[in-house]
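Per this note's numbering, the very first residue in the sequence shown carries number 1; after that it's consecutive. These notes are about the structure you will find just below.
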Amino acid sequence: MFVKLIYLAVIFITSLAACIYPVVSSFSSRSLYVLRHFGTGVIISTAILHLLEPANDALTEEILPEGWQNYPWAFALCLVGLFLTVLGDIFSQRHLYKKGISHSHGQALTIETPSKLDSEIVPDISIATQISGLLVLEIGIVLHSLFIGLSLGATEKGGALALAIVFHQTFEGLGLGARLSSIEWPQSKAWVPKLLAILYAVTTPVGILIGIALSEQYDEDSPTALIVTGICDSLSSGILLYTGLVELLGNELVNAHDLPTAPLKDVLVAYGSITAGCYAMACLAIWI
Numbered sequence: 001m002f003v004k005l006i007y008l009a010v011i012f013i014t015s016l017a018a019c020i021y022p023v024v025s026s027f028s029s030r031s032l033y034v035l036r037h038f039g040t041g042v043i044i045s046t047a048i049l050h051l052l053e054p055a056n057d058a059l060t061e062e063i064l065p066e067g068w069q070n071y072p073w074a075f076a077l078c079l080v081g082l083f084l085t086v087l088g089d090i091f092s093q094r095h096l097y098k099k100g101i102s103h104s105h106g107q108a109l110t111i112e113t114p115s116k117l118d119s120e121i122v123p124d125i126s127i128a129t130q131i132s133g134l135l136v137l138e139i140g141i142v143l144h145s146l147f148i149g150l151s152l153g154a155t156e157k158g159g160a161l162a163l164a165i166v167f168h169q170t171f172e173g174l175g176l177g178a179r180l181s182s183i184e185w186p187q188s189k190a191w192v193p194k195l196l197a198i199l200y201a202v203t204t205p206v207g208i209l210i211g212i213a214l215s216e217q218y219d220e221d222s223p224t225a226l227i228v229t230g231i232c233d234s235l236s237s238g239i240l241l242y243t244g245l246v247e248l249l250g251n252e253l254v255n256a257h258d259l260p261t262a263p264l265k266d267v268l269v270a271y272g273s274i275t276a277g278c279y280a281m282a283c284l285a286i287w288i
């Protein structure tokens, strides 16, 4: 147990540092630009390789009832999560429209100087819409992080898995922190990004504590554990897929309003950062 508590402390410190550093520090426009797009790659790769694939494995285990094995439940539940997120986005946009807040898709690709950061790099979307999308992203990440911690706390294996989780949480934290720092929070809500960063940092340690407490009763290979984990991972993958592909990749690269005129160097930096984030998480999929 002592070793697991060390893992808990290390994961909490690295997660908090990675997520809150972009929020409290003064990043250059280029650094924030790279981190934002790197985080997009991390989110997309997490959805497919760290959530959907393990969910499919869990829901097709031979020890589950036959009904679970004869239908691609993981992919169906991923679609459920995705379309529930779409539905939430639709109604949030209608609600914002009634309040007189417009929603315009497409962001700037050009890397501007710090003096132009607020007007050019910050997405051309209402603050309320940005925050709504960010909260959806946070929910998907937090659910995933909780189950990662639960697995580490309940398993007798440590070492390589714990190290992989440290890197995993660091990459996700940097991406989430970049999102938090790119929003022009109202002065009255300036504390919110710090709170969300702390929430992200504590989720995996909480999962570890739950796993330790249940380690005598909890069997990650039991039918109940496989079904619960598989369902939650599938739904989370749908949430993150929509957020990563539509809200982030779509708005920030493919549908960026200045894509035709942005310097090729800036476009390649964005694309390279996204693929780097995907590659980093793809490598971690070897262990977690």
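Glycine residues also receive a C-beta, built at the ideal position from the N, C-alpha and C atoms.
Item, Value
"Please report the Cβ distance between I44 and I139, rounded to the nearest whole angstrom; I am assuming they are in contact, meaning their Cβ atoms lie under 8 Å.", "Between I139 and I44 the Cβ distance is about 17 Å, and since that is not below 8 Å, they are no contact."
"Nearest-angstrom Cα distance between V10 and V166?", "8 Å"
"Where do the N-terminal and C-terminal ends of the alpha helix (DSSP H) with N56 fall, by residue?", "E53 to L59"
"How many Å lie between P223 and I210 at the Cα?", "19 Å"
"With DSSP run on the structure shown, which of helix, strand or coil describes A17?", "helix"
"Below 8 Å, can you find three or more Cβ-Cβ pairs linking the segment 74-92 to the segment 259-268?", "no"
"So, with DSSP's three-state summary, where would you put Y33?", "helix"
"Cβ of S273 within 9 Å of Cβ of F27?", "no"
"For H50, which residues of its own chain have a beta-carbon under 8 Å away from its beta-carbon, when the five flanking residues on both sides are left out?", "H144, H168, M281, L284, A285 and I288"
"Using the C-alpha atoms, what's the distance from L259 back to L253?", "7 Å"
"What does a CB cutoff of less than 7 Å around I141 pick up in its chain, not counting 5 residues either side in sequence?", "E172, L176 and Y200"
"Suppose you measure from the CA of I231 to the CA of L52; what does that come to, to the nearest Å?", "10 Å"
"Let's test the definition: count the other Cβ atoms within 10 Å of the Cβ of S119 and tell me whether it reaches 16, buried, or not, exposed.", "Note that S119 has pLDDT 40, beneath the 50 cutoff, so the model's placement of it is unreliable and no number is given."
"Nearest CA to the CA of A276: which residue from T40, C19, S182 and A18?", "T40"
"If distances are taken between C-alpha atoms only, which option among A270, L226, H257 and S132 comes closest to E62?", "L226"
"Considering only C-alpha positions, which residue in the set I131, T46, K189 and I208 is nearest to L235?", "T46"
"Excluding the five sequence neighbours on either side, which residues of its own chain have a C-beta within less than 6 Å of the C-beta of L8, listed in chain order?", "P205 and I208"
"Can you give me the C-alpha to C-alpha distance between S92 and I127, rounded to a whole angstrom?", "13 Å"
"How far does the alpha helix (DSSP H) with A270 in it reach, from first residue to last?", "L264 to L284"
"Check whether the Cβ atoms of V86 and Y242 sit closer than 9 Å, and answer yes or no.", "yes"
"Name the two residues that bound the continuous alpha helix (DSSP H) containing E62.", "Element bounds for E62: n/a, residue is neither H nor E."
"Go through its chain and collect everything with a Cβ distance to A293's Cβ below 7 Å, but skip five positions before and after it.", "Only positions 1 to 288 of the chain appear in this structure, which leaves residue 293 out of reach."
"Mapping DSSP to helix, strand and coil, what is Y7?", "helix"
"Return yes when the Cβ of A58 is within less than 9 Å of the Cβ of A74, no when it is not.", "yes"
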